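> In the numbering used here, the protein residues as written are 1 to 147.
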Amino acid sequence: MNNLTNQHRGFTLIELMIVVAIIGILAAVALPTYQDYTKRGHVTEGIMIAGAAKAGVAEFFATKGVWPPNPGNASVGLPTNPASISGNAVVSVAVTGSQITIVYNQKVVNGTSVVMKASATAGDGTIRWNCTGGDVPGKFRPRVCRK
């Protein structure tokens with residue numbers, strides 16, 4: 001009779017080390033990608049918060065035929081203090097003439113901004129927004145706001 005008393009159960013140390021190494025490599029690739037993804041979300045949040053300012057600037061231009069004065073927050077129905085318009089990653093939203101400046105906190109890159117600039121088409125009064133201004137890195141901006 002051949003009686004096996006020592007049966008192999010579980011994983012060896014080498015197998016476990018290989019699994020841990022693979023998990024570490026996957027985490028090293030996934031973490032920076034996830035951080036960039038969340039920063040893009042925060043930049044988009046700021047652009048969405050600035051939607052009320054965009055509507056106010058467009059309405060001001062449509063009724064008066066000129067851009068709001070500097071500073072223009074009160075002219076377009078926003079709080080006078082730009083810092084009172086804030087969000088999870090947004091420090092302030094300020095209207096200056098045909099520009100809206102969105103300043104971000106450390107959740108994006110501390111102190112960086114996206115500048116949205118309005119331009120009107122002569123004749124029909126159509127307003128187009130360009131959001132390529134400011135110093136937020138392009139990889140964190142929505143595709144339409146990249147330079």
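Each residue gets a CB set at the ideal place from its N, CA and C atoms; glycine is no exception. The structure presented is a predicted model; accordingly, all values stated were derived computationally and were not measured.
#1: At what residues does the beta strand (DSSP E) containing residue 58 begin and finish?
#2: Taking only three categories from DSSP, how would you classify residue 113?
#3: Give the single residue among 11, 21, 142, 42 whose Cα lies nearest to the Cα of residue 107.
#4: So, helix, strand or coil for residue 9, using DSSP?
#5: Does DSSP classify residue 87 as helix, strand or coil?
#6: Relative to the ligand FAD, is the shortest distance from any of its heavy atoms to the C-beta of residue 27 smaller than 7 Å?
#7: Report the rounded CA-to-CA distance for residue 215 versus residue 33, giving the unit in angstroms.
#8: Quick one: grab the DSSP three-state call for residue 122.
#9: Out of curiosity, what's the CA-to-CA distance linking residue 17 and residue 24?
#10: Considering only their Cβ atoms, is the gap separating residue 57 from residue 100 smaller than 8 Å?
Well, looking at it:
#1: Counting along the chain, residue 58 falls outside any beta strand (DSSP E), though it belongs to the alpha helix (DSSP H) covering 51-64.
#2: If DSSP states are grouped into helix, strand and coil, residue 113 belongs with the strands.
#3: For the options 11, 21, 142, 42, the alpha carbon positioned closest to that of residue 107 is the one of 42.
#4: Of the three classes helix, strand and coil, the one that applies to residue 9 here is coil, per DSSP.
#5: Here residue 87 sits in coil by DSSP.
#6: Of ligands this structure carries none, so the ligand FAD is not represented either.
#7: The displayed coordinates of the chain run from 1 to 147. Any statement about residue 215 would go beyond what the structure contains.
#8: Shown here, residue 122 sits in coil according to DSSP, grouped into three states, outside any helix or strand.
#9: Using only the alpha carbons, I get a separation of about 10 Å.
#10: In this structure, residue 57 lies closer than 8 Å to residue 100 by Cβ.
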